[in-house]
């Protein structure tokens, strides 16, 4: 369950700090004092194993409690802004511990919870780690307390962990998805929807409705109801066995108000080349309708390609525009041009930076082998090109055996090498250095020619 009963009385706060830092008891007292000043009822606060919790499942750090009381009286919007995730956070990596990953429902539930948030197109993306380019990190761990818990943001960063009970793994995936989604909600600043009356979602022996007449302990999010209902939100205090794990319409409204696209920059203002070396970093931006520009590559694009035109090519938006999330990738040795969704991209050789899009994309069709000028790749030894031979002319010119001159017909040479059948297929061409001679043989219905020195070669594999 999410909620536990707790009653604490606070009589004062000692503010003396020694050279070794604040005494834990003094720190707890300041946190509790700040929470009460921020409007949390004393009976909703508890100390468990040297940590202060509100509503049973949300840890509050000293910094988070201080941010709660920074706003002047009557300034709910400012108060809310101090306990949310800052605009510099665009990629939140969630790193499960080995123990966490050992529970299949917890592990799958985390993936489903991440998908819940990412489907909304918020100004940050949750990514399951370990990975690179993270602007904030949350650890998914096994709880050693008697409940599932997380905490509120501080310093503009989400709380650093979600902590789940192993017993949760015995429940169905929807319940795992629901509770993990709930705990992630706390890490980005969401409080219980029924904070003022937990009996809306919880049955006895949970506390009676809590009095908070000035509504200063939780900030109402514009566009959402001011009263909670049973199963009306994934952020209700208590879950139920029939929960689906999905956001309700009011959850979606709340998240989009707090973290929607309004603050997302235009893709026309993004210089992707400035992100070289930041592999894994994600950039969120919006594309207007229409427009155009040059693009090189397919699924992996050169970092000087037009973002919005590439996004239409990739299939993540239509020509009417929309928001995209691109991920910085390293240098590539080759970029393949294709035509998709009304956009034709160009091929290119080595380039020092690239990017790809996050989201559903059209599978990359293999380009025709006949579309490549293989000789233009001389000197790029080891570079591999994946291409397709829909048909094969067995009488086409081929020089060599296993190593072929780079002006040989790729598809006929592929049949000779045994990489594809005479009916055609996909083949990998690997660029090789010059050779002093090439032998003639007959194999698989193809006869190759011999030749002397040639400045470029290829090998072929399935």
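Numbering (the working numbering), first residue to last: 18 to 479.
Each residue gets a CB set at the ideal place from its N, CA and C atoms; glycine is no exception.
Best match in the options for proximity to residue i [C-alpha to C-alpha]
i, options, result
"residue 267", "253, 259, 258 and 257", "253"
"residue 345", "338, 372, 324 and 142", "372"
"residue 143", "299, 462, 76 and 459", "299"
"residue 153", "166, 165, 475 and 171", "171"
"residue 374", "44, 342 and 396", "342"
"residue 453", "444, 474 and 437", "474"
"residue 400", "78, 410 and 367", "367"
"residue 338", "304, 358, 357 and 314", "304"
"residue 356", "364, 350 and 190", "364"
"residue 418", "469, 440, 83 and 211", "469"
"residue 461", "411, 450 and 358", "411"
"residue 442", "450, 163, 427 and 421", "427"
"residue 395", "449, 348, 166 and 435", "449"
"residue 438", "405, 193, 354 and 284", "405"
"residue 261", "309, 194, 52 and 436", "194"
"residue 392", "115, 256 and 421", "421"
"residue 390", "362, 423, 109 and 76", "423"
"residue 308", "336, 347 and 214", "336"
"residue 190", "124, 326, 77 and 291", "124"
"residue 188", "353, 318, 68 and 257", "257"
"residue 164", "249, 359, 66 and 315", "66"
"residue 358", "347, 326 and 192", "326"
"residue 415", "465, 214, 151 and 162", "465"
"residue 301", "63, 317, 105 and 69", "105"
Residue span of the beta strand (DSSP E) that contains residue i, given as start and end
i, result
"residue 421", "420-422"
"residue 428", "Note, residue 428: premise wrong, no beta strand (DSSP E); alpha helix (DSSP H) at 427-434."
"residue 405", "401-406"
"residue 154", "153-159"
"residue 446", "442-449"
"residue 62", "62-65"
"residue 475", "474-478"
N-terminal and C-terminal residue of the alpha helix (DSSP H) that residue i is part of
i, result
"residue 133", "121-135"
"residue 179", "Segment 178-181 is the beta strand (DSSP E) holding residue 179; no alpha helix (DSSP H) there."
"residue 273", "266-276"
"residue 117", "115-118"
"residue 344", "Residue 344 -> not in any alpha helix (DSSP H); beta strand (DSSP E) instead, spanning 339-346."
"residue 300", "Taken as a continuous stretch (DSSP letters only), residue 300 belongs to no alpha helix (DSSP H), being part of the beta strand (DSSP E) at 299-304."
"residue 196", "190-204"
"residue 142", "Unbroken run through residue 142 is the beta strand (DSSP E), 142-145; no alpha helix (DSSP H)."
"residue 375", "No alpha helix (DSSP H) contains residue 375, which DSSP labels as neither H nor E."
"residue 78", "No alpha helix (DSSP H) contains residue 78, which DSSP labels as neither H nor E."
"residue 319", "Element bounds for residue 319: not the alpha helix (DSSP H) but the beta strand (DSSP E), 317-319."
"residue 324", "324-331"
Residue i at chain B interface by Cβ criterion, 8 Å
i, result
"residue 115", "In the structure shown, chain B does not exist; there is a single protein chain."
Exposed unless 16 or more other CB atoms sit within 10 angstroms - verdict on residue i
i, result
"residue 328", "buried"
"residue 311", "exposed"
"residue 185", "buried"
"residue 463", "buried"
"residue 429", "buried"
"residue 340", "buried"
"residue 487", "As displayed, the chain neither begins before 18 nor continues past 479, which places residue 487 out of reach and without an answer."
"residue 407", "exposed"
"residue 472", "exposed"
"residue 127", "buried"
"residue 264", "buried"
"residue 398", "exposed"
"residue 282", "exposed"
"residue 247", "exposed"
"residue 96", "Confidence at residue 96 is low in this model, with a pLDDT of 28, below 50, so its placement is unreliable and no value can be given for it."
"residue 114", "exposed"
Inter-residue CB distance, residue i and residue j (contact presumed, cutoff 8 Å)
i, j, result
"residue 297", "residue 459", "The Cβ separation is near 50 Å, so there is no contact."
"residue 476", "residue 467", "About 17 Å separates the two Cβ atoms, so there is no contact after all."
"residue 137", "residue 273", "6 Å"
"residue 102", "residue 206", "7 Å"
"residue 432", "residue 409", "6 Å"
"residue 79", "residue 46", "The Cβ separation is near 11 Å, so there is no contact."
"residue 175", "residue 210", "Between residue 210 and residue 175 the Cβ distance is about 19 Å, and since that is not below 8 Å, they are no contact."
"residue 147", "residue 112", "5 Å"
"residue 486", "residue 276", "Look at the range of the chain in this structure, 18 to 479, and you will see that residue 486 is not part of it."
"residue 320", "residue 289", "4 Å"
"residue 447", "residue 478", "7 Å"
"residue 361", "residue 402", "Between residue 402 and residue 361 the Cβ distance is about 19 Å, and since that is not below 8 Å, they are no contact."
"residue 334", "residue 284", "That belief does not hold up - the Cβ atoms of residue 334 and residue 284 are roughly 10 Å apart, past 8 Å."
"residue 183", "residue 293", "In fact, because the Cβ distance is near 43 Å, the residues do not count as touching under 8 Å."
Distance cut-off 7 Å: residue i Cβ against heavy atoms of the ligand GTP
i, result
"residue 76", "By its list of ligands, the structure shown contains no ligand whatsoever, and the ligand GTP lies outside what it can speak to."
Cβ pair count under 8 Å reaching 3, the segment 122-142 against the segment 187-199: yes
Three-pair Cβ contact test at 8 Å for the segment 152-159 versus the segment 178-185: yes
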